[in-house]
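Scroll down for the structure; my scribbles are underneath it.
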Amino acid sequence: MRVTRWLVPTLYIIFLLLPIYWLVNMSFKTTNEILGGFSPWPKNFTIDSYVEILTNPVWYNGYISSISYVLINTVISVAFALPAAYAFSRYRFLGDKHLFFWLLTNRMAPPAVFALPFYQLYSAVGLFDTPWAVALAHCLFNIPLAVWILEGFMSGVPKEIDETAYIDGYSFPRFFVKIFMPLIASGIGVTAFFCFMFSWVELLLAKTLTSVAAKPIAAVMTRTASTSGYELGLLAAAGVLTIIPGAIVIWFVRNYIAKGFALGRV
Amino acid sequence: MTKTWNNRAWFLVLPVLLLVAFNAIIPLMTVVNYSVQETFGNNLFFFEGTKWYEDVLTSERFHASLFRQFLFTGIILLIEVPLGVAIALTMPRSGPWVSVCLVLMALPLLIPWNVVGAMWNIMALPDIGLLGYGLNALGIPYNFTRQPISAWFTVVLMDVWHWTSLVVLLAYAGLRSIPEAYYQAAKIDGASRWSVFRYIQLPKMNRVLTIAILLRFMDSFMIYTEPFVLTGGGPGNATTFLSIDLVKAALGEFNLGIAAAMSIIYFLMTLLVSWIFYTLMTRGEDQ
Chain A
-4 MRVTRWLVPT LYIIFLLLPI YWLVNMSFKT TNEILGGFSP WPKNFTIDSY VEILTNPVWY
56 NGYISSISYV LINTVISVAF ALPAAYAFSR YRFLGDKHLF FWLLTNRMAP PAVFALPFYQ
116 LYSAVGLFDT PWAVALAHCL FNIPLAVWIL EGFMSGVPKE IDETAYIDGY SFPRFFVKIF
176 MPLIASGIGV TAFFCFMFSW VELLLAKTLT SVAAKPIAAV MTRTASTSGY ELGLLAAAGV
236 LTIIPGAIVI WFVRNYIAKG FALGRV
Chain B
12 MTKTWNNRAW FLVLPVLLLV AFNAIIPLMT VVNYSVQETF GNNLFFFEGT KWYEDVLTSE
72 RFHASLFRQF LFTGIILLIE VPLGVAIALT MPRSGPWVSV CLVLMALPLL IPWNVVGAMW
132 NIMALPDIGL LGYGLNALGI PYNFTRQPIS AWFTVVLMDV WHWTSLVVLL AYAGLRSIPE
192 AYYQAAKIDG ASRWSVFRYI QLPKMNRVLT IAILLRFMDS FMIYTEPFVL TGGGPGNATT
252 FLSIDLVKAA LGEFNLGIAA AMSIIYFLMT LLVSWIFYTL MTRGEDQ
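Sequence lines, in order, name chains A and B. Under the working numbering, the first residue of the first sequence is numbered -4, with each subsequent residue one higher. Under the working numbering, the first residue of the second sequence is numbered 12, with each subsequent residue one higher.
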């Protein structure tokens, strides 16, 4: 029993890390070595792939555009979802349950269904190929998720706090910003984390809504893989660099992550 | 919590409603529009009624990808949910290792989906990939670009790698909410390991597991990027799931009517199953 307690999680984590190790391994190999055959670690250790990515604007602009639309999306999603989640957690109103489910249906909509109409819609409003297009399009699934998570966290705050504040003469906006938001700060952090995460990993819409100027890093990778032969080393290095922002963000929310995944309601 | 009836709450919801409606209703109407019309280019459209729907519902290609989709979703749910619960049960309940475990386990969830596909592609290459080379060295014939079985094995393994952590994190959150007193009581009563699981841990995980199954169902049902990058839907059509088939029809073959009708049917199916889950979930909440 004592042995299985650490054996199972350890084996699982090794299983999770193996493909990541293999990616890192590839990223430090020369193309010749990669094509030369199987080797469990780089024999001619090189950082050429990383140098190429960090000095070539086509590559690093991909990172800049990805990060910019992800940040815009996170800010919009959280800012819009906050009041809505408050409404759902505190009040009953005409059609509230239907509205909540309708919001969730957008989290269920397969992006493939929306790819083509999104392209036409964002071309028509003149946002095509800007970070704003991707940021707004990702709101489709991030806002419902943000409302869902925030509502869970807000329902954990007793209603007496609201009532006391109103009796003390707080107006709604002042109460919300000064008293309520600090109370659910961890919930807001977790929500921002989830918005970041789902916007960062999504590719289909991001690729459809951009062509040159705002191309996300993931799309730059796809193009490299298909046009300039099979540059596995470059592809692997670019992949490793996409893991880093996520890893940094997880570290910040590590204490809330479990509760966050349960959408605030355990 | 008792909620007060207040229709002014609508003003708080309005911004979200407008933004999501812009993103959801306009594109959805575009899709509905395409699904009932025929075009010969030049923006000339002719009303076709339900023709595309009949075509899709009777086409063998659609049946085949629908079957593959359900098979895939079924397999990964059957693997990921029990595995995730088992791992969550063996995780330490407190101590310095908890954070490390959680961060490492959440890592796959934060990797862009096409990188996940590319990563497993590199991992599975029969000549230089760890998995592909290893399996072949053990004498197991393995080539995911040629054999449908290998391709399926790789796609399922990739999804287990990618998403089991979500179930682990959810189940772990549920387990952590159990007060220590419950375990002590069970110990005094001399409860077996199995009855602790069956009567204390499982009921507490009920809610989070419903969320886990709902999320895993929705996401695996719309899976696109990872298998597309890994296998491109092949060999042949062996791993062509609904989304891949849909994008093929819409962007590859430019069959707008068919693709749109397929989109609507696909969306309605996801909606129906998710509605059933949602009703089950909220019913438990009202009690």
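Backbone N, C-alpha and C define an ideal beta-carbon position, used for all residues, glycine too. Since we're looking at a predicted model, the values are computed, not measured.
Excluding residues up to 5 positions away in sequence, A160 lie with their Cβ nearer than 6 Å to the Cβ of A:I174 in the same chain. Close CB contacts of A:N68 within its chain, under the 7 Å cut and outside five residues either way in sequence, are with A130, H133, C134, N137, C190, S194 (chain order). Runs of alpha helix (DSSP H) with 4 or more residues, each lying fully within the segment 93 to 165 of chain A, are found at 106 to 119, 126 to 150, 154 to 162, listed in chain order. Residue contact check for B:V31 against chain A: a CB pair falls below 9 Å. In the three-state scheme derived from DSSP, where H, G and I count as helix and E and B as strand, A:Y86 is classed as strand. Interface annotation, B:K198: not in contact with chain A, CB-CB separation never under 9 Å.
Around the beta carbon of B:S176, 16 or more other beta carbons sit within 10 angstroms, so the residue counts as buried.
Between the segment 79 to 86 of chain A and the segment 205 to 223 of chain B there are fewer than three inter-stretch CB-CB distances shorter than 8 Å, so the stretches are not counted as touching. Going by C-alpha positions, A:V248 is about 43 Å away from B:G247.
Only those residues of the segment 92 to 116 of chain B whose C-beta falls short of 8 Å from the nearest C-beta of chain A are listed: A97, I98, T101, M102, P103, S110, C112, L113, V114, L115, M116. For B:P26, the uninterrupted alpha helix (DSSP H) segment begins and ends at 21 to 46. When DSSP states are grouped into helix, strand and coil, B:F155 belongs to the coil group.
Taking the Cβ atoms as the reference, B:A223 lies roughly 4 Å from B:L181, within the contact range of under 8 Å. The Cβ atoms of A:F109 and A:L198 lie no closer than 9 Å to each other. Around B:N147, the same chain offers P137, Y153 as residues with beta carbons nearer than 7 Å, after the five sequence neighbours per side are excluded. Less than 9 Å divides the Cβ of B:I133 from the Cβ of A:M21. In its chain, beyond the 5 residues on either side, Y153, N154, F155 have a beta carbon closer than 7 Å to the beta carbon of B:S161.
Interface with chain B (9 Å Cβ-Cβ cutoff): A:D91 is included. Exclusion of the five residues before and after B:I90 leaves V171 as the residues of its chain whose Cβ lies within less than 6 Å of its Cβ. DSSP places A:F23 in the coil class of the three-state scheme, outside both helix and strand.
Within 10 angstroms of the beta-carbon of A:G182 lie 16 or more other beta-carbons, which makes it buried.
In terms of beta-carbon proximity, A:R87 lines the interface with chain B, with at least one pair separated by less than 9 Å. In this structure, B:A99 and B:V24 do not form a Cβ contact; the two beta carbons are roughly 35 Å apart against a cut-off of 8 Å.
Contact check for B:M273 against B:L291 fails: the beta carbons are separated by 9 Å or more.
When only Cα atoms are considered, A:P52 and A:N39 end up about 26 Å apart.
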